[in-house]
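Residue numbers (our numbering): 308 to 468.
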């Protein structure tokens with residue numbers, strides 16, 4: 308039986324996941340008013356990511372595929388890790404120097420994205436998800452640790468390059 312919690316998780320996953328996928332599509336394909344890969348690559352290069360276009364593709368695809376994964380409830384811990392890693396990079400290179408609040412250019416938005424992704428990995432995607440019948444489909448400590456650990460490791464590697 309589908310519960311209100313399952314429907315609530317689906318609503319969070321769809322809203323959050325599709326918005327993140329759209330954000331990634333802006334970077335990679337220039338959709339939804341985005342600048343596309345070439346211009347986004349120039350912005351990444353200005354932040355110190357070399358080659359900028361490669362890192363823009365990695366960041367954009369992480370948002371796009373991570374968002375789609377969360378929306379579908381597919382490979383949920385991996386999808387969460389992709390978004391967590393991108394947000395750690397955003398905080399370290401763009402928003403961290405501006406404090407907490409988004410109105411000042413701070414980390415507020417990035418923290419919210421990372422926490423929602425981590426929470427979905429911990430709670431699990433719910434019954435209305437592709438992962439429903441897979442071992443990680445119920446969430447838990449291992450899934451949350453995987454998402455946070457892999458996202459953190461990917462961010463650390465990226466930031467060290």
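Backbone N, C-alpha and C fix where the C-beta goes; we use that ideal spot for every residue, glycine too.
Practice task
For the stretch 337 to 425, list the alpha helix (DSSP H) runs that are entirely contained and at least 4 residues long, ordered along the chain.
Solution key: 343 to 353, 359 to 379, 383 to 397
Residue range of the alpha helix (DSSP H) that includes residue 458
448 to 467
field: Check whether residue 407 and residue 414 have beta carbons under 8 Å apart
entry: yes
- Taking residue 421 as the reference, give the member of 327, 380, 312 with the closest Cα. 327
Just the Cα atoms here: how many angstroms apart are residue 388 and residue 446? 13 Å
Spatial neighbours of residue 354 within its chain, please: C-beta separation below 6 Å, excluding the five flanking residues on both sides. 400
Worksheet entry | C-alpha gap between residue 426 and residue 312, whole angstroms | 14 Å
- Query: Okay, do the stretch 350 to 364 and the stretch 374 to 393 touch, 3+ Cβ pairs below 8 Å being the bar?
  - Reply: no
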